[in-house]
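Participant:
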Amino acid sequence: MNLMTPEILRWLRQLIISDELIKFYKSKEWRTIRSYAKERDHNECMSCKRAGGFGLAEMVHHIQDVRRHPELALTLDNLECECNACHNKLHPEKLNKNKNEQFTNEERW
Numbered sequence: 001m002n003l004m005t006p007e008i009l010r011w012l013r014q015l016i017i018s019d020e021l022i023k024f025y026k027s028k029e030w031r032t033i034r035s036y037a038k039e040r041d042h043n044e045c046m047s048c049k050r051a052g053g054f055g056l057a058e059m060v061h062h063i064q065d066v067r068r069h070p071e072l073a074l075t076l077d078n079l080e081c082e083c084n085a086c087h088n089k090l091h092p093e094k095l096n097k098n099k100n101e102q103f104t105n106e107e108r109w
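In full-length UniProt numbering, the protein residues as written are 1 to 109.
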């Protein structure tokens, strides 16, 4: 299943260029394909399942990154359900994003 249209693809590419990808994740199309992925995967984390365990799916992961392959952003075969822990392992770069923005108190007494 693929919900991508030429109009959505143009819009998505503009969002990528302007670094406003969050708008895509709030779109009706994303919410629709996301619900199909969660239903298909029975709300289970696929990484946990492959390892012989169980985790509740909290995220839907793009196997091929949206920024590199926007044409696959709304393709069901490019989506996989993940728990937060497994999704963080797949995207360690997102964990360090806020690390440089730590609060520092310059006041000394």
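By construction, the Cβ of each residue, glycine as well, lies at the ideal position given by its N, Cα and C atoms.
Treat the numbers as computed from the prediction; the structure is a model and nothing was measured.
Between the Cα of T32 and the Cα atoms of L74, A85, C83, which residue gives the shortest distance?
Facilitator: Of L74, A85, C83, the residue nearest in Cα terms is L74.
Participant: Leaving out five residues before and five after N105 in sequence, what residues of the same chain have Cβ atoms less than 8 Å from its Cβ?
Facilitator: Low confidence applies here, because N105 scores a pLDDT of 49, under 50, leaving its location unreliable and the question unanswered by this model.
Participant: Restricting to runs no shorter than 4 residues, where is the alpha helix (DSSP H) found entirely within the stretch 4-74?
Facilitator: Complete alpha helix (DSSP H) runs here, min 4: 6-17, 22-25, 28-40, 46-50.
Participant: By DSSP, does C81 sit in helix, in strand, or in coil?
Facilitator: Strand, per DSSP.
Participant: Since N2 sits in a beta bridge, which residues does DSSP pair it with?
Facilitator: Bridge partners of N2: T75.
Participant: When the Cα atoms are used, what is the spatial distance from H69 to W11?
Facilitator: Taking the straight line joining both Cα atoms gives about 14 Å.
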